[in-house]
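Worksheet: one structure, shown below.
Residue numbers (this note's numbering): 4 to 359.
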């Protein structure tokens with residue numbers, strides 16, 4: 004009671020430490036035993052504190068927030084049925100859109116032959132009734148406005164999309180596509196890409212198994228054909244527009260193609276560069292020993308009248324094919340141009356405008 008009064012009288016004073024009473028049967032031990040007991044009591048006290056303030060550590064696998072949880076139960080069965088139905092529907096679409104066309108691999112003559120060919124996308128024909136026969140050394144020009152089916156026909160012939168109807172025979176050497184060269188309107192490589200002319204031309208050998216010496220030989224031959232020999236180390240960005248287009252042609256020729264497809268390659272060239280490029284094509288078609296066939300897509304009728312041996316005229320989903328004298332008649336040109344063929348003033352060029 005006296006201690007309580009003293010603590011209340013001075014609250015800042017620390018109360019005296021209470022001394023624990025020893026049990027009656029306690030026997031004094033040696034000094035070492037006392038130290039061991041004290042150490043055990045301290046360790047037990049520390050363990051009690053840790054056990055009361057800590058929790059067992061668990062590793063949780065956090066789910067990704069952008070991935071939806073896997074459906075369960077009825078929802079999972081419904082999703083499975085929908086996926087199976089989608090696969091069956093897509094397979095049915097592929098069977099229906101393939102049509103009943105007959106594709107065969109023939110001998111080397113002709114390279115491509117089509118009878119009543121219909122081409123299009125997802126079962127909808129874009130061009131129908133195509134009868135064509137492309138042989139070695141032929142110079143075919145595909146003429147027509149935009150949206151008349153020229154690109155669709157080329158994609159079908161090259162095997163990129165299946166034909167919808169008719170018969171299509173392709174030479175066995177063209178099935179692997181290694182004997183096919185393609186020249187687009189312009190280079191797909193940006194001029195800012197650090198690349199030499201030799202490296203650009205060798206891009207045409209991607210997918211062709213050749214050793215290093217043969218790759219080097221083919222690159223040199225292709226550059227010599229397009230009159231760019233000795234400029235292998237020049238940067239591709241330093242070339243002019245006409246030289247770049249010749250480099251694109253060399254990239255296609257490095258494969259030694261039997262069929263060369265050109266998609267409006269002179270659209271972005273000035274008149275001088277265009278004349279030089281066309282003269283190069285004529286020389287290539289005339290002097291090539293292997294007889295490479297050229298398929299030239301264009302809107303320029305003047306180029307067709309100057310160079311073509313065979314013409315395919317695309318008008319409103321229909322195609323008229325044959326040699327140049329048979330196809331380029333006044334009647335066909337009037338239908339193609341929408342006006343009389345004789346109305347062209349002298350010195351002007353006839354180009355087909357695009358519509359849709």
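Virtual Cβ for every residue (Gly too), placed ideally from N, Cα, C.
For clarity, every value in this text was computed on a predicted model and none was experimentally measured.
Check: residue i C-beta below 7 Å from any heavy atom of the ligand GTP
| i | result |
| --- | --- |
| residue 234 | Among the components modelled here there is no ligand, and therefore nothing to report on the ligand GTP. |
Close-in-space but distant-in-sequence residues of the same chain around residue i (CB under 8 Å, 5 per side omitted)
| i | result |
| --- | --- |
| residue 211 | 181, 258 |
| residue 154 | 266, 300 |
| residue 320 | 128, 129, 130, 131, 151, 152 |
| residue 231 | 200, 246, 249, 250, 253 |
| residue 288 | 140, 142, 295, 297 |
| residue 338 | 318 |
| residue 326 | 312, 313, 314 |
CA nearest to the CA of residue i, picked from the options
| i | options | result |
| --- | --- | --- |
| residue 290 | 151, 45, 140 | 140 |
| residue 324 | 144, 220, 302 | 144 |
| residue 295 | 268, 303, 285, 302 | 285 |
| residue 307 | 281, 231, 318, 42 | 281 |
| residue 3 | 200, 46, 157, 263 | A question about residue 3 goes unanswered here, because the residues of the chain that appear run from 4 up to 359. |
| residue 142 | 157, 312, 208, 336 | 312 |
| residue 277 | 216, 305, 198 | 305 |
| residue 134 | 115, 234, 123, 217 | 115 |
| residue 199 | 230, 231, 228, 235 | 235 |
| residue 229 | 195, 279, 217 | 279 |
| residue 239 | 339, 175, 195 | 195 |
| residue 156 | 40, 174, 315 | 315 |
| residue 260 | 309, 216, 208, 268 | 208 |
| residue 176 | 124, 165, 161 | 161 |
| residue 310 | 283, 336, 335, 334 | 283 |
Cβ neighbour criterion (16 or more within 10 Å) applied to residue i
| i | result |
| --- | --- |
| residue 328 | exposed |
| residue 274 | exposed |
| residue 163 | exposed |
| residue 303 | buried |
| residue 220 | exposed |
| residue 213 | exposed |
| residue 178 | exposed |
| residue 197 | exposed |
| residue 245 | buried |
| residue 193 | exposed |
| residue 45 | exposed |
| residue 126 | exposed |
| residue 76 | exposed |
| residue 56 | The pLDDT assigned to residue 56 is 48, lower than 50, so where the model puts this residue is not dependable, and the model offers no usable value. |
| residue 332 | exposed |
| residue 38 | exposed |
| residue 123 | buried |
| residue 66 | Confidence at residue 66 is low in this model, with a pLDDT of 45, below 50, so the placement of that residue is unreliable and no value is reported for it. |
| residue 174 | buried |
| residue 99 | Because residue 99 carries a pLDDT of 43, less than 50, the predicted location of this residue cannot be relied on, and the following value inherits that uncertainty. Residue 99 comes out exposed. |
Nonlocal neighbours in the same chain, by C-beta distance under 7 Å from residue i, ignoring five residues either side
| i | result |
| --- | --- |
| residue 206 | 254 |
| residue 204 | 222, 225, 226, 250, 253, 254, 257 |
| residue 190 | 247, 251 |
| residue 113 | 136, 137, 138 |
| residue 36 | none |
| residue 272 | 244, 245, 248, 280 |
is_contact[residue i, chain E] using C-beta, thresh 8 Å
| i | result |
| --- | --- |
| residue 286 | Here chain E cannot be found, since the structure has a single protein chain. |
Beta-carbon proximity list for residue i, same chain, < 6 Å, skipping 5 on both sides
| i | result |
| --- | --- |
| residue 317 | 147, 151, 152, 153 |
| residue 242 | none |
| residue 270 | 188 |
| residue 61 | Because residue 61 sits at a pLDDT of 45, beneath the cut-off of 50, its placement in the model cannot be relied upon, and the following sentence gives the value as read from the coordinates. Same-chain partners within the cutoff: there are none. |
| residue 117 | 133, 135, 171 |
| residue 298 | 143, 264 |
| residue 97 | Note that residue 97 has pLDDT 47, beneath the 50 cutoff, so the model's placement of it is unreliable and no number is given. |
| residue 158 | 164 |
| residue 340 | none |
| residue 237 | 200 |
query: Where in the stretch 199 to 240 do unbroken runs of the alpha helix (DSSP H), each at least 4 residues long, occur, reported from the N-terminal end onward?
result: For the stretch 199 to 240, the continuous alpha helix (DSSP H) assignments of 4+ residues that do not extend past its boundaries occur at 200 to 205, 215 to 228, in sequence order.
Beta strand (DSSP E) runs contained entirely in the stretch 105 to 188, provided each spans 3 or more residues: Counting whole runs of 3 or more residues, the stretch 105 to 188 contains the beta strand (DSSP E) stretches 105 to 109, 115 to 124, 127 to 137, 142 to 146, 168 to 174, 183 to 186.
field: Length-filtered (3 minimum) beta strand (DSSP E) runs lying within the stretch 306 to 345
entry: Unbroken beta strand (DSSP E) runs of no fewer than 3 residues, entirely contained in the stretch 306 to 345, are found at 313 to 318, 321 to 326, following chain order.
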